[in-house]
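Q: Sequential numbering of the sequence shown, starting at 194, is according to the working numbering.
Virtual Cβ for every residue (Gly too), placed ideally from N, Cα, C.
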Amino acid sequence: MEHNEIDTLKDLANYLRCDIEFLESAVSYEYYVKDAGVDFKDSISKIIVSKFNIAKKGKTGGFRTVYQCWSHFLSSSLKILNTNLNEIFIPNQFSHGFVKGKNIQTNASCHLGKKLLLSVDIKNYFESISKDRICKSLEKLGFKKHVAEWISNITTLNNHLPQGFATSPTLANIVTQELDNELSLLCGDLITYSRYADDLYFSTNLDEISLAEITSIIENYGFNLNSKKTKFMSRGKKQYVTGLTVFDVKYPRISKRRKKNIRLEIYYLSKFGYKRHIRKKLIKSGMNPKDPDFKSHVSVEADITRDKLYGWLHFINAIEPDFAKKYYPKLKKAKQ
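1) Under the DSSP definition of a beta bridge, which residues are partnered with L311?
2) Hey, out of F440, N454, H470, whose CA is closest to Y520's CA?
3) With D392 and D314 assumed to form a contact (beta carbons below 8 angstroms), what rounded beta-carbon distance in angstroms separates them?
4) Assuming T591 contacts T369 under a Cβ cut-off of 8 angstroms, what Cβ separation, rounded to an integer in Å, is found between them?
5) Return the first residue and the last residue of the beta strand (DSSP E) that R388 is part of.
6) Between which residues of its own chain and L202 is the CB-CB distance below 8 angstroms, once the five residues before and five after are set aside?
7) Can you look up K244 in the DSSP assignment and give me helix, strand or coil?
8) Run the CB neighbour count on Q529, radius 10 Å, all protein chains shown included, and call it buried at 16 or more, exposed below.
9) Check I327 in the structure and name its three-state DSSP category.
10) Quick check: the Cα distance between F287 and F440, rounded to an integer number of angstroms?
11) Please state the DSSP three-state secondary structure of K227.
12) What did DSSP end up calling S288 once you bin it into helix, strand or coil?
13) Roughly how many whole angstroms lie between the Cα atoms of K464 and I240?
14) Determine the extent of the beta strand (DSSP E) in which R257 is found, giving its start and end residues.
15) Looking at the strands, I want to know which residues DSSP matches up with I447.
16) Going by alpha carbons, who is nearest to K526 out of I411, Y460, K227, K337?
17) Roughly how many angstroms separate the alpha carbons of K307 and Y433, rounded to a whole number?
18) Skipping 5 residues on each side, what residues in its chain have a beta carbon closer than 7 angstroms to that of A511?
19) Since I believe N346 is in contact with Y222 (beta carbons under 8 angstroms), could you give me their beta-carbon distance rounded to a whole number of angstroms?
20) From the DSSP output, which residues share a beta bridge with H353?
21) Of the residues K422, K443, L376, which one's Cα is nearest the Cα of S409?
22) What span of residues does the alpha helix (DSSP H) with P362 cover, start to end?
23) Taking the alpha-carbon positions, what's the E412 to T385 distance?
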């Protein structure tokens, strides 16, 4: 069945390959959101979602709230829905985050050797995307209105996109597509625009880029900029796009800071092993090791760290193979 033919809950259950009783609860918003460290003693029929805070990196500090699905039905349904959405949604040329065939390298490659570079960050990106905006975007994709409302209920918490749900990055790209298109019209042929999730980049060989016009368009779409992360970067000084330096006109390069961080992370993993190292990091970020969810968070973060480091080494191997070859063996020897 095509997505635009879905009409009943049974149709949607077949589309998501899930149990109809679960779906009835999900579309009715019967989620139980539990804080990390709080035991759940209510009805087992509840769809349980765990909420926990992770310290943000960088000088700005603070925490980001992440949600983890405890319900197998919810987790499975979101993954299947995400796969289905990616089959019908065609991303524009400007979006590079969470898009098949694109990555931080393709994003940085748009801005090589430019005279002026501007980077801006959308504040509370996922939280700024409401259930209503998701519903309208799904309708434009071809879903019937009531079906779009059901899907919006399944994929949101507290009326917005939650970080941690499998569908959130894709839905964010779908909602932000029109913003991308309008910003590209503003830029025209003389300014290059690209976006990686909530990070937006503009580069040119002109003397200036109008931050005021960019800000106005972004705010018209219901977003706000994080002024602390707005940066103008001139050629001859440090220019970074998604963590890569773009001074070279041929290809992006790995920054010294990035390589230092990778070396340090692999050193600690080699010395302590994944679980012990991640435990130390989570405790340092403010998590309580006595929380019932702590072991689960350690396991999740260990998987994320492993995938991230291997991903970086695979990427670096294409640009600086000597560095990658040196640290592959060290990472493989790290105790799980």
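A: Let's see:
1) On the sequence shown, position 118 is the one that residue 311 refers to. Under DSSP, the beta-bridge partners assigned to L311 are F395, F425.
2) Position 327 of the sequence shown holds residue 520. Residue N454 is the option with its Cα nearest to Y520.
3) Stepping through the sequence shown from its first residue, residue 392 is reached at position 199. Stepping through the sequence shown from its first residue, residue 314 is reached at position 121. So it is a contact: roughly 6 angstroms between Cβ atoms.
4) Here the chain covers residues 194 to 529 and nothing more, so residue 591 does not appear.
5) Taking the sequence shown and counting its residues from 1, the one referred to as residue 388 is at position 195. It spans 384-389 - the beta strand (DSSP E) in which R388 sits, taken as one unbroken run.
6) The sequence position of residue 202 within the sequence shown is 9, counting from 1. Only I213, L216, E217, V220, W343 meet the Cβ criterion.
7) On the sequence shown, residue 244 is found 51 positions in, with the first residue counted as 1. Correct three-state label for K244: strand.
8) Position 336 of the sequence shown, counted from the first residue, corresponds to residue 529. Answer is exposed; the Cβ neighbour count stays below 16.
9) In the sequence shown, the residue the question calls residue 327 occupies position 134. Note: I327 maps to helix in three-state DSSP.
10) The residue you call residue 287 lines up with position 94 of the sequence shown. The residue you call residue 440 lines up with position 247 of the sequence shown. When rounded, the distance between both Cα atoms is 21 angstroms.
11) Start at 1 with the first residue of the sequence shown, and residue 227 comes out as number 34. Here K227 sits in strand by DSSP.
12) Numbered from 1 along the sequence shown, position 95 holds the residue referred to as residue 288. Strand.
13) Working through the sequence shown from its first residue, we reach residue 464 at position 271. Working through the sequence shown from its first residue, we reach residue 240 at position 47. Those two C-alpha atoms are separated by around 39 angstroms.
14) Mapped onto the sequence shown, residue 257 falls at position 64. First-last of the beta strand (DSSP E) with R257: 256-262.
15) Residue 447 sits at position 254 when you count from the first residue of the sequence shown. Bridge pairing for I447: L437 [DSSP].
16) Here residue 526 corresponds to residue number 333 of the sequence shown, with the count starting at 1. Of the candidates I411, Y460, K227, K337, the one whose C-alpha sits nearest the C-alpha of K526 is Y460.
17) Residue numbering aside, residue 307 sits at position 114 when the sequence shown is read from its first letter. Residue numbering aside, residue 433 sits at position 240 when the sequence shown is read from its first letter. Computed Cα separation, rounded: 11 angstroms.
18) The residue given as residue 511 occupies position 318 in the sequence shown. Within the same chain, and ignoring the five residues on either side of A511 in sequence, no residue has its Cβ closer than 7 angstroms to its Cβ.
19) Numbered from 1 along the sequence shown, position 29 holds the residue referred to as residue 222. Numbered from 1 along the sequence shown, position 153 holds the residue referred to as residue 346. Approximately 5 angstroms separates the beta-carbon atoms of Y222 and N346; this is inside 8 angstroms, confirming the contact.
20) Locating residue 353 in the sequence shown gives position 160, where the first residue counts as 1. When DSSP reads this structure, H353 sits in a beta bridge with S323, L350.
21) As a first step, residue 409 must be located in the sequence shown, where it is residue number 216. Closest option to S409, Cα to Cα, is L376.
22) Start at 1 with the first residue of the sequence shown, and residue 362 comes out as number 169. Element bounds for P362: 361-380.
23) If you number the sequence shown from 1, residue 412 lands on position 219. If you number the sequence shown from 1, residue 385 lands on position 192. The alpha-carbon atoms of E412 and T385 are separated by roughly 20 angstroms.
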